[in-house]
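Peer 1:
4 protein chains.
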Amino acid sequence: MIIVLQPDATEEQQEALLADLKARGYGVHCSRGVERTIVGVIGTPERDKDGLIEHFESLPYVERVIPILKPYKLVGKAFRPEGTVLNVRGVQIGGGTLCVMAGPCTVESAEMLLETARFVKKMGAHILRGGAFKPSTSPYSFHGLGEEGLKILQEASLETGLPIITEVMDTRDVELVGRYTDIFQIGTRNMTNFSLLREVGNTRKPVMLKRGWASTIEEWLQAAEYIASQGNYEIILCERGIRTFETYTRNTFDLNAIPAIKELSHLPIFADPSHATGKRSLVPAITLGAVAAGVDGLIIEVHPNPEKAVKDGPQSLSFEQFGQLMQAVRPVAEAVGKRL
Amino acid sequence: MIIVLQPDATEEQQEALLADLKARGYGVHCSRGVERTIVGVIGTPERDKDGLIEHFESLPYVERVIPILKPYKLVGKAFRPEGTVLNVRGVQIGGGTLCVMAGPCTVESAEMLLETARFVKKMGAHILRGGAFKPSTSPYSFHGLGEEGLKILQEASLETGLPIITEVMDTRDVELVGRYTDIFQIGTRNMTNFSLLREVGNTRKPVMLKRGWASTIEEWLQAAEYIASQGNYEIILCERGIRTFETYTRNTFDLNAIPAIKELSHLPIFADPSHATGKRSLVPAITLGAVAAGVDGLIIEVHPNPEKAVKDGPQSLSFEQFGQLMQAVRPVAEAVGKRL
Amino acid sequence: MIIVLQPDATEEQQEALLADLKARGYGVHCSRGVERTIVGVIGTPERDKDGLIEHFESLPYVERVIPILKPYKLVGKAFRPEGTVLNVRGVQIGGGTLCVMAGPCTVESAEMLLETARFVKKMGAHILRGGAFKPSTSPYSFHGLGEEGLKILQEASLETGLPIITEVMDTRDVELVGRYTDIFQIGTRNMTNFSLLREVGNTRKPVMLKRGWASTIEEWLQAAEYIASQGNYEIILCERGIRTFETYTRNTFDLNAIPAIKELSHLPIFADPSHATGKRSLVPAITLGAVAAGVDGLIIEVHPNPEKAVKDGPQSLSFEQFGQLMQAVRPVAEAVGKRL
Amino acid sequence: MIIVLQPDATEEQQEALLADLKARGYGVHCSRGVERTIVGVIGTPERDKDGLIEHFESLPYVERVIPILKPYKLVGKAFRPEGTVLNVRGVQIGGGTLCVMAGPCTVESAEMLLETARFVKKMGAHILRGGAFKPSTSPYSFHGLGEEGLKILQEASLETGLPIITEVMDTRDVELVGRYTDIFQIGTRNMTNFSLLREVGNTRKPVMLKRGWASTIEEWLQAAEYIASQGNYEIILCERGIRTFETYTRNTFDLNAIPAIKELSHLPIFADPSHATGKRSLVPAITLGAVAAGVDGLIIEVHPNPEKAVKDGPQSLSFEQFGQLMQAVRPVAEAVGKRL
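These protein sequences, in sequence, are chains A, B, C and D.
For the first sequence, position 263 matches number 263 in the UniProt record's numbering, and the numbering has no gaps at all.
For the second sequence, position 61 matches number 61 in the UniProt record's numbering, and the numbering has no gaps at all.
For the third sequence, position 56 matches number 56 in the UniProt record's numbering, and the numbering has no gaps at all.
For the fourth sequence, position 128 matches number 128 in the UniProt record's numbering, and the numbering has no gaps at all.
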């Protein structure tokens with residue numbers, strides 16, 4: 001932590017600051033330039049940092065406080081430089097494979113889900129996605145089948161052997177959803193729902209943490225740290241687009257986040273080209289781009305009849321489109337040394 | 001709802017679309033221009049709209065669907081053109097008064113809260129704020145005193161007569177917090193926590209809904225509609241700054257939102273200059289600007305000793321600063337015809 | 001300047017860095033923490049800084065470089081703490097007065113401009129605005145009357161005595177526009193047109209520099225520094241809204257920028273509520289808010305018949321609306337101690 | 001164009017609007033719903049559109065005006081559905097090839113440029129980049145060698161046979177730069193410098209138009225329309241990252257823009273991974289991602305000694321890194337059917 005003093009900080013103020021720091025047990029380096037005095041603080045214990053930064057920033061004679069270390073540790077690269085590899089009922093995530101999760105936005109019925117599950121499996125997908133509890137901007141929209149949807153997912157999993165991933169939105173549902181799903185999904189709207197993060201952190205099931213639509217990479221990793229801090233290290237990050245001024249697409253897919261996460265964290269990173277674009281016609285290009293940039297996996301919306309989808313029809317691929325995309329993904333994955 | 005067809009939509013596709021619309025009971029106006037055919041759909045029932053828009057956008061021969069009506073109704077201006085006025089234990093909110101909520105970010109102890117409560121009351125504040133459950137970007141930061149904090153708030157309220165407002169973050173805590181607080185606060189991070197919105201919607205206590213840091217005004221009103229749709233119309237909106245590329249301030253205070261809410265909704269609108277800036281030195285100017293632009297109230301962080309604040313010290317006002325600000329607010333409120 | 005080394009930087013690399021810094025004549029403070037080594041560099045000459053920061057950031061063993069001093073000097077607060085006051089043909093700008101510039105977006109004809117000039121003068125405006133060269137997103141829109149428009153402005157100025165402000169967009173037009181106008185306006189789209197900034201910096205006429213719609217406050221001040229670095233210190237800053245994800249308004253008026261500029265710079269700061277909102281109905285509230293937050297002046301679009309305006313009709317006030325607004329501004333200006 | 005009336009628009013107002021539209025020669029469809037009346041306007045001549053939209057939006061009884069057609073024509077997909085292919089001194093751009101432009105940010109000396117030109121040619125690059133006129137946020141930074149830099153570029157081009165691309169920033173320099181360069185580059189800061197766009201539109205040399213850092217895809221295409229409207233159709237678009245709230249990277253590379261441009265325009269689209277990230281370590285992943293997503297070319301900063309680069313060192317690749325990247329690009333390009 002570095003503390004930059006105001007140009008008009010007095011001698012007394014500087015002395016008081018140094019005394020305070022020493023009393024807290026920190027080492028101190030004070031460097032008096034012509035225009036500013038800068039205090040280097042050594043040995044800040046990680047856990048106190050947030051509070052300390054705010055404390056020193058509150059002092060009237062402090063211009064700003066600059067943290068030096070990252071505000072996360074368990075999910076940081078240094079914690080496990082070789083990278084995290086998960087095994088979800090035989091499906092490997094991370095470690096040189098490309099994992100494909102596919103399925104409808106929402107579980108609408110047993111028939112449509114089974115039909116989709118069989119098809120995506122045949123095309124090479126590894127995990128089945130489908131929503132039973134659905135967030136929705138409007139209170140009057142469909143919010144999912146709830147536990148009935150979970151049962152249908154389980155059925156489809158039993159028949160096809162595909163593990164499943166489904167979203168949980170309420171701390172009170174974590175236990176219920178956990179009875180059915182193989183992977184919890186935390187949606188973009190709940191990335192800063194800290195109670196929920198802690199609750200899934202208390203389970204020992206893998207969690208896919210989608211990036212908040214207006215969250216920085218650092219905040220995203222701090223959200224992952226919430227989960228890890230409860231003892232659950234089985235975390236998958238998923239870039240799903242962020243909010244910008246652009247209106248042609250639903251979100252802006254932040255491709256930079258893929259290599260950035262690779263250099264900052266040991267966690268696997270996925271892409272969600274469906275939400276990142278909101279437009280079916282753009283999904284293939286974004287999928288291929290994400291694979292070439294190094295993602296560990298994909299999560300893609302597929303529907304037997306997108307025009308009749310209850311939700312997210314405009315961004316869902318038809319079976320035919322998904323089949324073609326899987327064909328196109330293979331050579332790109334190979335070109336960057338990934339096993340599909 | 002207006003449906004714009006792709007330039008290459010065939011006659012058959014147009015006929016199919018019109019037939020579909022008529023079968024659903026809608027009136028249809030079809031206008032064939034030189035380059036595009038446009039279909040006006042009349043009589044869309046409000047509740048189906050979200051699903052319908054996605055349905056029609058999913059059709060391969062549809063270029064885009066343009067909603068005409070707002071996606072909220074209960075919180076829309078037309079629902080109650082005269083404006084909503086709340087009465088919280090004798091304190092009027094809306095309707096020409098300027099209501100000031102003040103207090104520390106976090107309840108740290110009974111002493112500091114009482115001291116603050118007495119002071120802000122003396123300076124003319126109407127409601128006491130203070131956090132017992134605190135969201136925090138880092139899992140290692142302080143998260144509030146919990147129920148103990150609620151009890152301290154109640155005590156301070158009993159002594160000073162000030163009603164209280166405090167944040168609730170977890171659906172499981174709504175009942176507990178509701179036993180102590182006069183107003184629920186939903187923080188920016190939970191504006192899209194739809195389970196929580198519904199839960200406070202099921203109570204009959206007033207709710208202050210802060211704007212999500214990356215939420216449009218329309219999404220904010222839809223979040224309010226979640227609460228109202230459960231039967232709770234006692235809602236206060238609060239602009240607390242949005243996220244932009246600017247880094248000098250913690251957020252960007254969106255002043256436009258004040259008159260925009262006034263023309264779109266009947267709900268009272270507050271400003272939170274503390275979070276909107278993140279910098280104590282900017283709080284007075286933003287407070288005065290918000291008052292002149294027409295807010296119904298303010299929520300301001302005040303701390304007996306900001307340098308020792310557990311959280312949000314850099315944006316908290318000292319007693320002296322809050323006293324001076326209240327002095328400065330008075331003539332501006334009068335200049336725009338508000339009673340403080 | 002502070003240089004943070006990578007955790008794996010070797011002894012030799014550190015030595016090389018320190019030797020390099022000393023050879024350049026800098027003082028050096030090296031602080032070796034448990035996880036990072038941090039090098040404080042003292043005595044960085046202002047002018048070299050940009051290049052140096054990039055140089056050190058390019059080193060493979062450097063994690064990041066943190067500048068300590070602001071990247072502008074002539075326009076910084078410390079350069080003239082008492083604040084800059086301009087005098088434009090008898091009109092004072094800055095120093096406790098509130099200066100109102102008003103007029104149409106575009107000079108459409110001599111009649112409409114004269115009519116507007118007379119009216120805004122009567123209502124108390126101090127300076128007449130009007131565009132002769134107009135930027136336009138579409139190449140097919142109207143681009144202004146050019147020199148004819150300048151002549152009309154001059155005529156209106158002669159008759160009413162109001163000084164004029166008009167935009168210049170091309171380095172080749174600076175001489176021509178300078179023959180007619182009292183103040184150059186640099187539009188938001190040209191805030192980073194550095195050739196143009198230098199060109200108006202070479203004149204000795206006042207320049208209003210609008211903030212780039214996606215420029216930080218720091219970049220804005222650096223753009224002002226371009227003008228000042230040529231010897232022209234007669235600069236007025238103007239906040240006109242920035243670009244965000246919000247779509248209800250044309251831009252987001254960044255109220256925080258008003259007090260922020262006041263603490264960072266000595267230059268007068270204006271607000272443009274017309275462009276900041278893009279909606280006539282929001283202009284009054286933003287105007288009052290800006291005045292209460294401390295602006296030194298306003299620039300407002302007024303048109304005798306907004307429905308017939310060639311450009312910016314939706315955000316232009318009618319005569320009646322402008323008259324009412326001036327009435328409303330007065331008590332707010334007084335409430336914050338400004339002379340109108 | 002569709003005009004949505006205010007709910008309280010009177011019969012007379014509606015009649016006046018319809019009469020106005022008919023007098024202008026438009027066809028009109030009027031659809032009266034329960035809550036809104038909507039007027040479809042048919043036959044809007046493209047060129048008048050901007051003005052008309054503003055005109056109708058200015059009417060007090062109009063809620064909003066919705067344009068149906070795109071505000072650009074010459075650069076739109078429909079104008080040349082087969083796509084534009086350029087030939088720059090034997091180098092094909094567009095049409096199934098992947099074109100690589102490489103070189104230093106700035107021409108620093110004849111030696112370094114020649115060394116770089118020879119190396120990038122050997123590695124398979126097709127065009128040499130290098131700045132002679134450099135934009136810079138600070139007035140005190142290096143601004144390029146000017147004409148001397150142009151001469152050095154020409155020399156390197158003569159020796160290696162590589163065509164060159166270099167930036168032009170001032171309308172007054174277009175003639176000069178045009179004497180030396182094969183392709184004009186318009187930088188992100190000048191995307192809305194309309195005078196400059198028109199000036200290069202008046203030449204018959206290819207122009208690379210970088211996206212403005214806060215410009216929508218539609219505005220970018222309108223800027224391209226400026227160039228095309230002067231008769232110069234030899235335009236290359238270049239996505240170089242947009243500005244968001246993310247601070248870890250210099251910009252956010254908008255991958256969605258690649259397929260979006262492919263569906264909206266016939267112009268070739270390039271990626272600039274150097275500026276898109278600002279970090280050398282992220283350049284390879286973004287390059288591969290852009291290629292897989294379908295770009296027609298790349299423009300990459302390469303420097304013989306990035307640590308000594310005058311500008312943009314942190315994002316420049318060393319020779320070794322560029323050589324490795326070209327190796328990695330080849331199989332990805334092949335996987336998506338592009339010839340390198």
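Where a beta carbon is used, it is the ideal one built from N, C-alpha and C, also for glycine.
Strictly under 8 Å for the Cβ-Cβ distance: is residue 76 (chain C) near chain D by that measure?
Peer 2: Against the third sequence, residue 76 (chain C) aligns to sequence position 76. Not closer than 8 Å to any Cβ of chain D, the Cβ of residue 76 (chain C) fails to qualify, so no.
Peer 1: If you follow the alpha helix (DSSP H) that residue 327 (chain A) is part of, which residue opens it and which one closes it?
Peer 2: If you number the first sequence from 1, residue 327 (chain A) lands on position 327. Residues 319-335.
Peer 1: For the pair the region 262-278 of chain B and the region 291-309 of chain B, tell me if three or more CB-CB distances fall below 8 Å.
Peer 2: Yes, since at least three Cβ pairs between the region 262-278 of chain B and the region 291-309 of chain B fall closer than 8 Å, the two stretches touch.
Peer 1: Is residue 128 (chain B) closer than 8 Å to residue 103 (chain B) when the C-beta atoms are compared?
Peer 2: Along the second sequence, read from residue 1 onward, the residue named residue 103 (chain B) stands at position 103. Along the second sequence, read from residue 1 onward, the residue named residue 128 (chain B) stands at position 128. Yes, these two residues count as a Cβ contact at 8 Å.
Peer 1: Would the beta-carbon of residue 245 (chain C) fall within 8 Å of that of residue 228 (chain B)?
Peer 2: Position 245 of the third sequence, counting from 1, holds the residue named residue 245 (chain C). Position 228 of the second sequence, counting from 1, holds the residue named residue 228 (chain B). No, the pair does not count as a contact, with Cβ atoms beyond the cut-off.
Peer 1: Pull out every residue of the region 308-324 of chain A whose Cβ sits closer than 8 Å to any Cβ of chain B, in chain order.
Peer 2: Here the close residues are 308, 309, 310, 311, 312, 313, 314 and 316.
Peer 1: As a quick exercise: from A:143, A:281, A:288 and A:295, pick the residue whose alpha carbon is nearest that of residue 316 (chain A).
Peer 2: For this step, residue 316 (chain A) is matched to residue 316 along the first sequence. Per the Cα distances, A:281.
Peer 1: Determine the DSSP secondary structure at residue 194 (chain A), reduced to helix, strand or coil.
Peer 2: Locating residue 194 (chain A) in the first sequence gives position 194, where the first residue counts as 1. Looking at residue 194 (chain A) - three-state DSSP - the assignment turns out to be helix.
Peer 1: Please specify which runs of the beta strand (DSSP E), each continuous and at least 3 residues long, are wholly inside the region 222-251 of chain D, giving them in chain order.
Peer 2: If we require 3 residues or more, the beta strand (DSSP E) runs fully inside the region 222-251 of chain D come out as 235-239.
Peer 1: Taking the beta strand (DSSP E) that residue 64 (chain A) belongs to, which residues open and close that run?
Peer 2: Here residue 64 (chain A) is taken as the residue at index 64 of the first sequence, counted from 1. Looking at the DSSP string, the run of the beta strand (DSSP E) that includes residue 64 (chain A) is 62-66.
Peer 1: Following the continuous beta strand (DSSP E) through residue 73 (chain C), name the residue where it begins and the one where it ends.
Peer 2: As a first step, residue 73 (chain C) is located in the third sequence; it is residue number 73 there, counting from the start. Taken as a continuous stretch (DSSP letters only), residue 73 (chain C) belongs to no beta strand (DSSP E), as it is neither H nor E.
Peer 1: Buried or exposed: where does residue 90 (chain B) fall if 16 or more other Cβ atoms within 10 Å of its Cβ makes it buried?
Peer 2: As a first step, residue 90 (chain B) is located in the second sequence; it is residue number 90 there, counting from the start. When all chains shown are included, residue 90 (chain B) counts as exposed.
Peer 1: To the nearest whole angstrom, what separates the beta carbons of residue 123 (chain A) and residue 297 (chain A), a pair I think is in contact under 8 Å?
Peer 2: Numbered from its first residue, the first sequence carries residue 123 (chain A) at position 123. Numbered from its first residue, the first sequence carries residue 297 (chain A) at position 297. With a Cβ gap of about 15 Å, residue 123 (chain A) and residue 297 (chain A) do not count as contacting.
Peer 1: Leaving out five residues on either side along the sequence, give the residues of the same chain with a beta carbon under 8 Å from the beta carbon of residue 151 (chain B).
Peer 2: Along the second sequence, read from residue 1 onward, the residue named residue 151 (chain B) stands at position 151. The answer, listed in chain order, is 180.
Peer 1: Does residue 192 (chain B) get closer than 8 Å to chain D when you measure Cβ to Cβ?
Peer 2: As a first step, residue 192 (chain B) must be located in the second sequence, where it is residue number 192. Closer than 8 Å: no.
Peer 1: With respect to the beta strand (DSSP E) encompassing residue 136 (chain C), which residues constitute its N-terminal and C-terminal limits?
Peer 2: As a first step, residue 136 (chain C) must be located in the third sequence, where it is residue number 136. Premise fails: residue 136 (chain C) is in no beta strand (DSSP E) and is neither H nor E.
Peer 1: Any C-beta of chain D within less than 9 Å: which residues of the region 254-267 of chain A qualify?
Peer 2: Per Cβ criterion, the list reads 254, 255, 256, 257, 258, 259, 260, 262, 263 and 264.
Peer 1: Does the beta-carbon of residue 327 (chain C) have 16 or more other beta-carbons within 10 angstroms, so that it is buried, or is it exposed?
Peer 2: Taking the third sequence and counting its residues from 1, the one referred to as residue 327 (chain C) is at position 327. Counting Cβ neighbours within 10 Å, residue 327 (chain C) comes out exposed, since fewer than 16 surround it.
Peer 1: Which of helix, strand or coil does DSSP assign to residue 47 (chain B)?
Peer 2: Position 47 of the second sequence, counted from the first residue, corresponds to residue 47 (chain B). Any reading at residue 47 (chain B) is ruled out, since the residue's pLDDT is 49, under 50, leaving its predicted position unreliable.
Peer 1: Along the region 209-228 of chain A, what residues have a CB closer than 7 Å to any CB found in chain C?
Peer 2: Listed by position along the chain: nothing, the set is empty.
Peer 1: Residues of the region 238-254 of chain A in Cβ contact with chain D at a cutoff of 7 Å, in chain order, please.
Peer 2: The residues in question are 242, 244, 245, 246, 247, 248, 249, 252, 253 and 254.
Peer 1: Given this structure, state the Cα-to-Cα distance separating residue 262 (chain D) from residue 290 (chain A), to the nearest angstrom.
Peer 2: Stepping through the fourth sequence from its first residue, residue 262 (chain D) is reached at position 262. Stepping through the first sequence from its first residue, residue 290 (chain A) is reached at position 290. Using only the alpha carbons, I get a separation of about 18 Å.
Peer 1: If we ignore side chains and look at the alpha-carbon of each, how far apart do residue 34 (chain C) and residue 265 (chain B) end up?
Peer 2: As a working note, residue 34 (chain C) is residue 34 in the third sequence. As a working note, residue 265 (chain B) is residue 265 in the second sequence. Their Cα atoms are separated by approximately 55 Å.
Peer 1: Which chain C residues sit within Cβ distance under 9 Å of residue 90 (chain D)?
Peer 2: As a first step, residue 90 (chain D) must be located in the fourth sequence, where it is residue number 90. Ordered by position in chain C, no residue passes the 9 Å Cβ test against residue 90 (chain D), which lies about 31 Å from the chain.
Peer 1: Can you grab the Cα-Cα spacing for the pair residue 142 (chain C) / residue 130 (chain C), in whole Å?
Peer 2: Here residue 142 (chain C) is taken as the residue at index 142 of the third sequence, counted from 1. Here residue 130 (chain C) is taken as the residue at index 130 of the third sequence, counted from 1. Rounded to the nearest angstrom, the two C-alpha atoms are 14 Å apart.
Peer 1: Report the neighbours of residue 54 (chain C) on chain A: residues whose CB is nearer than 8 Å to its CB, in chain order.
Peer 2: Start at 1 with the first residue of the third sequence, and residue 54 (chain C) comes out as number 54. By Cβ distance, chain A contributes nothing, its closest Cβ being about 19 Å from residue 54 (chain C), past 8 Å.
Peer 1: Compare the C-beta of residue 286 (chain B) with all C-beta atoms of chain C and state if any pair is closer than 8 Å.
Peer 2: On the second sequence, residue 286 (chain B) is found 286 positions in, with the first residue counted as 1. Output row for residue 286 (chain B): interface = yes.
Peer 1: Note down, in chain order, all residues in the region 95-119 of chain A with a beta-carbon under 9 Å from any beta-carbon belonging to chain D.
Peer 2: Of all residues in the region 95-119 of chain A, none has a Cβ within less than 9 Å of some Cβ in chain D.
Peer 1: What runs of the alpha helix (DSSP H), each 4 residues or longer, lie entirely inside the region 274-303 of chain D?
Peer 2: Qualifying alpha helix (DSSP H) stretches, in chain order: 283-293.
Peer 1: Going by other Cβ atoms of all chains shown within 10 Å of its Cβ, with 16 needed for buried, is residue 308 (chain C) buried or exposed?
Peer 2: As a first step, residue 308 (chain C) must be located in the third sequence, where it is residue number 308. Per the 10 Å Cβ criterion, exposed.
Peer 1: With a threshold of 8 Å, are at least 3 pairs of Cβ atoms found where one atom belongs to the region 57-64 of chain B and the other to the region 193-212 of chain B?
Peer 2: With the cut-off at 8 Å, the region 57-64 of chain B and the region 193-212 of chain B do not touch.
Peer 1: Can you tell me whether residue 260 (chain B) is buried or exposed? The criterion is at least 16 other CB atoms within 10 Å of its CB, across all chains shown.
Peer 2: Residue 260 (chain B) sits at position 260 when you count from the first residue of the second sequence. Result: buried.
Peer 1: Please classify residue 311 (chain A): does DSSP put it in a helix, a strand, or coil?
Peer 2: Within the first sequence, residue 311 (chain A) is the residue found at index 311, counting from 1. Reduced to three states, the DSSP call for residue 311 (chain A) is coil.
Peer 1: Find the residues of chain A that neighbour residue 282 (chain D), judging by a C-beta separation of less than 7 Å, and give them in chain order.
Peer 2: What you label residue 282 (chain D) is simply residue 282 of the fourth sequence in a count that begins at 1. Going along chain A in sequence order, the residues near residue 282 (chain D) (Cβ under 7 Å) are 256, 259 and 260.
Peer 1: Could you pull out every residue in the same chain whose Cβ sits closer than 7 Å to the Cβ of residue 323 (chain D), ignoring the five residues on either side in sequence?
Peer 2: The residue given as residue 323 (chain D) occupies position 323 in the fourth sequence. Hits under 7 Å: 123.
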